[in-house]
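Residue numbers (our numbering), protein chains in the order written: chain A, 1 to 231; chain B, 232 to 1075. The C-beta atom is built at its ideal place from N, Cα and C for all residues, glycine as well. All figures in this text were calculated on a predicted structure; none of them were measured in a lab. Notes for the one structure printed next.
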Amino acid sequence: MIELRDVSKTVMSGTEPLTILHPLSLQIPHGQFVAIVGPSGSGKSTLLGLIAGLDAPSSGSVLIDEVDITKLGEDDLAKLRGEKVGFVFQFFHLIPSLTAYENVAVPMEIAGVADARPRAEQLLGEVGLTGRAHHYPSQLSGGEQQRVALARALANNPKIVLADEPTGNLDTANGRHIMDLLRTIHAGRGTTLVLVTHDAELAAMADARLVLRDGRVVENTIAALPVAGTR
Amino acid sequence: MMFVLRMAVRETRASLRRLFFFFICIAVGVAAIVALRSVIQSVRGVFGTEAKSLIAADVLIATNRDWTPDARSTIDRRLADAGDTERTETIETPTMVRPADRSKAVAKMAELRAVQPRFPLYGSIDLQGQTYSPSLLANHGVLVRPELLTAIDVKVGDQVIIGAATFTIRGLIVREPGRGMGEFSLGPRAIIAYEDLASTGLLGFGSRARRAMLVKMPEERVEPLVKALREDFKDDFINTRSFRSTEDQVGRDFDRAENYLSLVGLIIVILGGIAVSSVTRVFILQKIRSIAVLKCLGARSGQIISVYILQVMTLGLAGSLLGIAMARGVLASIPLMLGASTSILAQAHYGVSWSAAAQGVAIGVLVSLLFSVVPLLQVRFIKPSLLLRDETVRRSRDWVGIAVIVVVSLALVGLTAWQAASLKVGIVVCTGFAGLAVILHLAGRALIALIAPMANSRSFPLRHAVLHLSRPGNQTRVILLAVGLGAFFIVGVRSLQASLLSEFSLQVAASAPDMFLLDVQKGQADGVRAFLNDPARGAGEYQLIPVLRARVVGVTGTETNLEGADEVRQKGVSIGREFTITYRDHLEPNERVIQGAFWDGPSAEAEVSVEKIIAERARLHVGDTMRFDVLGRTVAARITSIRDVEWRESRNGGFVFVFRPGALDQAPQTFVAPLKGPEGVTARARFQHDLVERFPNVSVIDFHEVLETVRDVMSKVTLAITVVGGLVLFSGGLILIGAVAMTKFQRVYEAAVFKTLGANTRTIARMLLFEYGVLGSLAGLIGSLGAIVLTWGVSRYALEIPWRVFAGEHIAGVVMTALLVAVIGVVSSFDVLKNKPLATLRAE
Chain A
1 MIELRDVSKT VMSGTEPLTI LHPLSLQIPH GQFVAIVGPS GSGKSTLLGL
51 IAGLDAPSSG SVLIDEVDIT KLGEDDLAKL RGEKVGFVFQ FFHLIPSLTA
101 YENVAVPMEI AGVADARPRA EQLLGEVGLT GRAHHYPSQL SGGEQQRVAL
151 ARALANNPKI VLADEPTGNL DTANGRHIMD LLRTIHAGRG TTLVLVTHDA
201 ELAAMADARL VLRDGRVVEN TIAALPVAGT R
Chain B
232 MMFVLRMAVR ETRASLRRLF FFFICIAVGV AAIVALRSVI QSVRGVFGTE
282 AKSLIAADVL IATNRDWTPD ARSTIDRRLA DAGDTERTET IETPTMVRPA
332 DRSKAVAKMA ELRAVQPRFP LYGSIDLQGQ TYSPSLLANH GVLVRPELLT
382 AIDVKVGDQV IIGAATFTIR GLIVREPGRG MGEFSLGPRA IIAYEDLAST
432 GLLGFGSRAR RAMLVKMPEE RVEPLVKALR EDFKDDFINT RSFRSTEDQV
482 GRDFDRAENY LSLVGLIIVI LGGIAVSSVT RVFILQKIRS IAVLKCLGAR
532 SGQIISVYIL QVMTLGLAGS LLGIAMARGV LASIPLMLGA STSILAQAHY
582 GVSWSAAAQG VAIGVLVSLL FSVVPLLQVR FIKPSLLLRD ETVRRSRDWV
632 GIAVIVVVSL ALVGLTAWQA ASLKVGIVVC TGFAGLAVIL HLAGRALIAL
682 IAPMANSRSF PLRHAVLHLS RPGNQTRVIL LAVGLGAFFI VGVRSLQASL
732 LSEFSLQVAA SAPDMFLLDV QKGQADGVRA FLNDPARGAG EYQLIPVLRA
782 RVVGVTGTET NLEGADEVRQ KGVSIGREFT ITYRDHLEPN ERVIQGAFWD
832 GPSAEAEVSV EKIIAERARL HVGDTMRFDV LGRTVAARIT SIRDVEWRES
882 RNGGFVFVFR PGALDQAPQT FVAPLKGPEG VTARARFQHD LVERFPNVSV
932 IDFHEVLETV RDVMSKVTLA ITVVGGLVLF SGGLILIGAV AMTKFQRVYE
982 AAVFKTLGAN TRTIARMLLF EYGVLGSLAG LIGSLGAIVL TWGVSRYALE
1032 IPWRVFAGEH IAGVVMTALL VAVIGVVSSF DVLKNKPLAT LRAE
């Protein structure tokens, strides 16, 4: 369960404070597929970053499985991300100096998995990249890079996958391929999937959606979702 | 841990090409340290295995005076007490050697050694093409160093005249025990038989002969004997030492040489370290996103820092191992370079010693680590949220960072102190280096600010070249530091050499004396005067100065009170040694009385005038009484004046103690004579030859020859320092290549944008040429300015000679450095010019 209690985010814009997310509370039950929708600058990615513990809120608290992650230090946050959260970015953010296989293996190695190879190879197989395991990111197409990023996000079998506009930098066919994979993962593994997008078509695939505009919630259907286990 | 190891391997693999050159710098420094230490250890090994042949005996008893019957009987008694001993005697004296063939009008000063048949007790006299036997010296045979043959145009089998006797050259000396390497000598060695020395007439009064007794005995009795003899002769001019104390002294000298020389290597390693620090900063800037991704995937800052530390240490280790390999190469080439040399250096077996290699590796790895830790701490401030949004984080003061900087600085001082084997030297070198780095850094900033207006130049390439020097992540300052330091070393030492040589040439060329006669006996004084006054000889102005050898054996004064030679030796600051003294009734032009009054006529009562510096050090004042031992007679003299002596002009009057005429007139004495010798090499040679023919015991020092020797020694020293400067410059070149490689991704992109906007390859090439030309000129200028400051400081405070600026050296330094940097910069940026813009822009 992901729970946000009166979470807000204010940053400094030059010398002036700028609120990019006004106080908001919500609960995302385990196993749900939620879309966060809104135009550019509406606070979608900021919200996703707060859920992942990539960023600290200016006020309020974020709870993952009843643990208040706003009270955790950087290293504990890193540990929590490694164990429970998988992240997919719009710009892939693969490590350019590592091969596809190594990029997928890294989260498992950080978590101390003794032999990451079988699972990394299996995941690359699942995203259809068996033959590209030893290629560097610069040798892969955008779609392939995003599939590597997806395999990496699943490496530690996280309960939560957060995807920040995962198709935003891809052509239609590749974008569709990625979405199919995400839905398969969500359905097959019961993973909580939080998808940030401004594509209404993609948002429509989700169980519920949260619409943001200028940092405020203008629509929230998440509250109507059944809690985990009752679905 | 596995993650850290794996990531370190992957990161090293990925960045090897970019970081390669910086670790070559480490390798060059480590190679210098390992090679220098190994060479010295190897040479030391030769001395170590032949410790006894250093003095050719177990115990050496030596004196500059005749053996007195008392001294002989004391030694006989002590040796008898010591049991089974073997003894031989030698006498050494500088003298003139000339061919017996009168048609060859030359004479050369040589260091004569007269030996008994048992010599040497240890080691051997090695001759060219034959084995030494005392019979070679029988019936006036002489063995000489090969260089004497060429100097006086003779060959083996020819006859030469030494003093008043004629000798036949029977062989050439390759090596002899008891003569070390690099020892200062007045001339090449000549060895004759002990019993033939008397016939030369060189042992007259006042001769500078050094008599030695060499003793061979069981090792366990050596130290008690030395101790007893030192006690017996504590008030006499007799010196006793054992092979062990000589070995210890040589050992200390070697330690010092090894430690100081390895500092040179350490400076190069530190320069590499500075480059590593600078490149790590850029490296982390380039890795920001990857680090944010790793944090996003669950990696902690500590783990990521460990990855990069491990990577740096791996490269440091690789650099160090490469350095050892380079050192091995250098050491292997030494025997080839020495060829058939007869020097003691040729006897050593050169190889990398384990201890030198271990030190090299430790230094390479440690310096890499110390210099990369501080920039790596930046990893802590990289937030994973930057993957979502670029945001400048306002940071409070980083106390951890400051603490690490303090620890790293202390560690560097420790490292330097370890290498120099002295905490004081460690602190001085580190402070000096830091000061120099700060000065070069500030000078770099000032010069960059100075050329900033060129950023408004009409020339497009020049404008952008100047802008590039202050681009984000630029390597300008580190290149200025490294290349500037190299230029500084080279220009500085060359300027100093030029300065010294011109000073020396000026002194010799002026109308000042350029020849010096030694050992003129009292009875020869009139003869020598007549010889020098004869216009046919061509000599100019001269003076005959009476000299006596004396030792201070007591002081009764206001501040200083010393009783006996022993107390003077132990407590008398600067007055414990033997002095050459004179007497006269006038001050020389280079002297000035600063306290008391100089006498104006003879007096039977002894009075002495003391040189200012010695008076200050030994706290001597006008009115104090000093007691001198003048050849066994004690003379008590009142100090009546203190003189300031201009030592630079001292060839007529460089005496610490000058006596009032009267008291010493009748004492045994000899004369020395500074004079202006004839013009021209042949006339000078003939002059020396004729003088020595008339007065065989007189020695002549020709300053023109000394100048040649000085020139030779200085060019060797200059070459050595230029090699060091060259290595530093080479490291600077590597850092430059590395910096170009490091920032190439940025340049390739910019070049692509410029090309898209219409710039052709030639324009971009000119931009690069200007950029590196300006950078090189600045580095050259910094080095050159530093060299001017260095020559000023050294000339004024260390050498006490007038400061001169050799514009040619400085201009050449700036131009050469600019050219070097421009060529390296443009050549290593070749692919920036080559790349097609579209591919580059797509990749971005």
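Just to make sure I have the definition right: I need the residues of chain C whose C-beta is within less than 8 Å of the C-beta of Gln-534 of chain B. Which are they?
Note that chain C does not occur in the displayed structure, where the protein chains are A and B.
What do you reckon, are the CB atoms on Val-903 of chain B and Leu-779 of chain B nearer than 8 Å?
One-based indexing of the second sequence puts residue 903 of chain B at position 672. One-based indexing of the second sequence puts residue 779 of chain B at position 548. In this structure, Leu-779 of chain B does not lie closer than 8 Å to Val-903 of chain B by Cβ.
Chain B within 8 Å of Ile-185 of chain A, Cβ atoms only
Start at 1 with the first residue of the first sequence, and residue 185 of chain A comes out as number 185. Not closer than 8 Å to any Cβ of chain B, the Cβ of Ile-185 of chain A fails to qualify, so no.
What do you reckon, are the CB atoms on Val-127 of chain A and Ala-151 of chain A nearer than 8 Å?
The residue labelled residue 127 of chain A in the question sits at position 127 within the first sequence. The residue labelled residue 151 of chain A in the question sits at position 151 within the first sequence. Yes, they are a contact pair.
Cβ of Gly-413 of chain B less than 8 Å from any chain A Cβ?
Taking the second sequence and counting its residues from 1, the one referred to as residue 413 of chain B is at position 182. Note that Gly-413 of chain B has pLDDT 46, beneath the 50 cutoff, so the model's placement of it is unreliable and the number below is only indicative. Gly-413 of chain B does not count as touching chain A.
Quick check: is the beta carbon of Gly-529 of chain B nearer than 8 Å to any beta carbon in chain A?
For the purposes of this step, residue 529 of chain B is identified with residue 298 of the second sequence, where counting begins at 1. Taking Cβ atoms only, chain A reaches closer than 8 Å to Gly-529 of chain B, which makes this a yes.
Exposed or buried, what is Glu-317 of chain B when buried is set at 16 or more other beta-carbons lying within 10 Å of its beta-carbon?
Locating residue 317 of chain B in the second sequence gives position 86, counting from the first residue. The residue in question, Glu-317 of chain B, is exposed, as its Cβ has fewer than 16 Cβ neighbours within 10 Å.
Within 8 Å of any Cβ in chain B, is that where the Cβ of Phe-87 of chain A sits?
Within the first sequence, the letter at position 87 stands for residue 87 of chain A. Answer yes: the Cβ-Cβ gap between Phe-87 of chain A and chain B drops below 8 Å somewhere.
Just mark Trp-878 of chain B as buried or exposed, buried being the case when its beta carbon has 16 or more other beta carbons within 10 Å.
Position 647 of the second sequence, counted from the start, is the residue given in the question as residue 878 of chain B. Burial call: exposed.
Chain A contact residues for Ala-245 of chain B, given Cβ-Cβ distances below 7 Å
Working through the second sequence from its first residue, we reach residue 245 of chain B at position 14. Near Ala-245 of chain B (Cβ distances below 7 Å), the residues of chain A are Ser-97.
Could you tell me which whole alpha helix (DSSP H) segments of length 4 or greater appear in the stretch 291–354 of chain B?
300–313
Where does Arg-5 of chain A fall in DSSP's three states?
Stepping through the first sequence from its first residue, residue 5 of chain A is reached at position 5. Arg-5 of chain A falls in the strand class under three-state DSSP.
Segment limits, alpha helix (DSSP H) that includes Pro-606 of chain B:
One-based indexing of the second sequence puts residue 606 of chain B at position 375. Per DSSP, Pro-606 of chain B belongs to the alpha helix (DSSP H) from 585–607.
Separation of Ile-710 of chain B from Thr-994 of chain B, as counted between CA atoms
Along the second sequence, one-based indexing puts residue 994 of chain B at 763. Along the second sequence, one-based indexing puts residue 710 of chain B at 479. Answer to the nearest angstrom: the Cα atoms are 24 Å apart.
contact_flag[the stretch 601–620 of chain B, the stretch 523–532 of chain B] where n(CB pairs < 8 Å) is 3 or more:
yes
So what's Pro-905 of chain B in DSSP terms, helix, strand or just coil?
The sequence position of residue 905 of chain B within the second sequence is 674, counting from 1. The answer is strand: DSSP assigns Pro-905 of chain B an E or B state.
Which listed residue (B:Cys-527, B:Ile-1042, B:Ile-423) has its alpha carbon closest to that of Met-108 of chain A
Mapped onto the first sequence, residue 108 of chain A falls at position 108. Answer by Cα proximity: B:Cys-527.
Status (buried if at least 16 other CB within 10 Å, exposed otherwise) for His-699 of chain B:
One-based indexing of the second sequence puts residue 699 of chain B at position 468. By the 10 Å Cβ count, His-699 of chain B comes out buried.
Quick check on Ala-163 of chain A: does DSSP put it in helix, strand or coil?
Counting from 1 along the first sequence, the entry for residue 163 of chain A is found at position 163. Looking at Ala-163 of chain A - three-state DSSP - the assignment turns out to be strand.
Going by other Cβ atoms of all chains shown within 10 Å of its Cβ, with 16 needed for buried, is Ser-840 of chain B buried or exposed?
Translated into the one-based positions of the second sequence, residue 840 of chain B becomes position 609. By the neighbour-count rule (16 or more Cβ atoms within 10 Å), Ser-840 of chain B is buried.
What are the uninterrupted segments assigned as alpha helix (DSSP H) that are 4 or more residues long and contained completely in the stretch 1001–1025 of chain B, given in chain order?
none
Which of the three DSSP states, helix, strand or coil, is assigned to Phe-1061 of chain B?
Stepping through the second sequence from its first residue, residue 1061 of chain B is reached at position 830. Reduced to three states, the DSSP call for Phe-1061 of chain B is helix.
Expressed to the nearest angstrom, what Euclidean distance is found between the alpha-carbon atoms of Ile-185 of chain A and Asn-157 of chain A?
Counting from one through the first sequence, the residue named residue 185 of chain A turns up at place 185. Counting from one through the first sequence, the residue named residue 157 of chain A turns up at place 157. Looking at the two C-alpha atoms, the distance is approximately 10 Å.
Is Ala-78 of chain A close to chain B, meaning its C-beta is less than 8 Å from at least one C-beta of that chain?
Position 78 of the first sequence holds residue 78 of chain A. Closer than 8 Å: yes.
On the criterion of 16 or more Cβ atoms from any shown chain inside 10 Å, does Glu-66 of chain A qualify as buried, or is it exposed?
Numbered from 1 along the first sequence, position 66 holds the residue referred to as residue 66 of chain A. So Glu-66 of chain A counts as exposed.
How long is the line joining the alpha carbons of Leu-162 of chain A and Arg-702 of chain B, rounded to whole angstroms?
Counting from 1 along the first sequence, the entry for residue 162 of chain A is found at position 162. Counting from 1 along the second sequence, the entry for residue 702 of chain B is found at position 471. Distance between the alpha carbons of Leu-162 of chain A and Arg-702 of chain B is about 37 Å.
Would Leu-380 of chain B and Lys-339 of chain B be called neighbours here (beta carbons separated by less than 8 Å)?
Mapped onto the second sequence, residue 380 of chain B falls at position 149. Mapped onto the second sequence, residue 339 of chain B falls at position 108. Their beta carbons are not under 8 Å apart, which means Leu-380 of chain B does not touch Lys-339 of chain B by this criterion.
Is the shortest distance between the beta-carbon of Pro-17 of chain A and the beta-carbons of chain B less than 8 Å?
Against the first sequence, residue 17 of chain A aligns to sequence position 17. Cβ-Cβ to chain B under 8 Å: no for Pro-17 of chain A.
Under a three-way DSSP split, which group does Tyr-773 of chain B fall into?
Here residue 773 of chain B corresponds to residue number 542 of the second sequence, with the count starting at 1. The answer is strand: DSSP assigns Tyr-773 of chain B an E or B state.
Using a Cβ-Cβ cutoff of 8 Å, what residues of the stretch 48–75 of chain A are near chain B? List them in chain order.
Leu-48, Gly-49, Ala-52, Leu-54, Asp-55, Glu-74, Asp-75
Ordered along the chain, which non-local residues of its own chain (more than five positions away) have a Cβ less than 6 Å from that of Ile-255 of chain B?
As a first step, residue 255 of chain B is located in the second sequence; it is residue number 24 there, counting from the start. Result list for Ile-255 of chain B: Leu-965, in chain order.
What's the C-alpha gap between Arg-5 of chain A and Ile-51 of chain A?
Looking up residue 5 of chain A in the first sequence gives position 5. Looking up residue 51 of chain A in the first sequence gives position 51. Answer to the nearest angstrom: the Cα atoms are 11 Å apart.
Neighbour flag for His-198 of chain A against chain B, beta carbons, 8 Å
Numbered from its first residue, the first sequence carries residue 198 of chain A at position 198. Closer than 8 Å: no.
Contact with chain B by Arg-81 of chain A, beta-carbon distance below 8 Å:
Translated into positions along the first sequence, residue 81 of chain A becomes position 81. Yes - at least one Cβ of chain B is within 8 Å of the one on Arg-81 of chain A.
In angstroms, rounded to a whole number, what distance separates the CA positions of Ala-56 of chain A and Gly-73 of chain A?
For the purposes of this step, residue 56 of chain A is taken as residue 56 along the first sequence, with counting starting at 1. For the purposes of this step, residue 73 of chain A is taken as residue 73 along the first sequence, with counting starting at 1. Cα to Cα, Ala-56 of chain A sits roughly 10 Å from Gly-73 of chain A.
To which residues of the same chain is Asp-467 of chain B closer than 7 Å at the C-beta, ignoring the five residues directly before and after it?
Your numbering for residue 467 of chain B matches position 236 in the second sequence. Here the set comprises Ala-302.
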